[in-house]
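Reading through the structure tokens given below for one structure.
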Amino acid sequence: DKLAELVREFPRLRQEARWVIVPGPGDPGVSSALPRPPLMPSLTESLRVALPRATFASNPARVRYRSQDLVFMREDLQSRMRRNCILPPTEIEDAPAEKAARERARAKALAREARLERNEARA
1 DKLAELVREF
11 PRLRQEARWV
21 IVPGPGDPGV
31 SSALPRPPLM
41 PSLTESLRVA
51 LPRATFASNP
61 ARVRYRSQDL
71 VFMREDLQSR
81 MRRNCILPPT
91 EIEDAPAEKA
101 ARERARAKAL
111 AREARLERNE
121 ARA
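This is how it looks when you write it as structure tokens:
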């Protein structure tokens, strides 16, 4: 409701901008498992009225902009991956180079395993 009130103060932004609303880990929903469905219409009614050009997407969401596919995801993946480490690293003992190498390894693991599939019914 606060976002809807704020947007009403900027009519040009409200009418001309395209909005993509992606649910996050703290938003109400059916489950915290990914992919998360879009926010329920009963929760977004005032926002739908305030933002006529809004799209309520799933999490993660794929947005096609011109020739690019952009993926938006709201999740603290670093914490999730650290929780599942066999030997969790300690921040005090880590040298900056080791920490950077570990972060690169996490990013590579995400990129290697990531995929988005369309949820289309196939005939």
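Under full-length UniProt numbering, residues 1 to 123 are what the sequence shown spells out, in order.
Don't be surprised by glycine CBs; every beta carbon is placed ideally from N, CA and C.
For clarity, every value in this text was computed on a predicted model and none was experimentally measured.
Going by DSSP, Val22 is part of no alpha helix (DSSP H) at all; its letter is neither H nor E.
Around the beta-carbon of Pro23, 16 or more other beta-carbon atoms lie within 10 Å, marking it buried. The alpha-carbon separation between Pro60 and Arg102 amounts to approximately 24 Å. Using a Cβ-Cβ distance cut-off of 8 Å, the stretch 52 to 66 and the stretch 29 to 37 are in contact, since at least three pairs of beta carbons, one from each stretch, lie closer than that value.
For Asn84, no pairing in a beta bridge is given by DSSP. Separation of Glu5 and Ala50 (C-alpha to C-alpha, rounded to the nearest whole angstrom) is 8 Å. Boundaries of the beta strand (DSSP E) around Ala61: 61 to 65. The beta carbon of Glu16 is closer than 7 Å to none in its chain, skipping five residues each way along the sequence.
Ala105 sits exposed, since fewer than 16 C-beta atoms from the chains shown fall within 10 Å of its C-beta. With distances taken between CA atoms, Asp76 lies nearest to Ala107 out of Met40, Arg48, Ala107, Glu98. The alpha-carbon of Pro25 is positioned some 26 Å away from that of Arg14.
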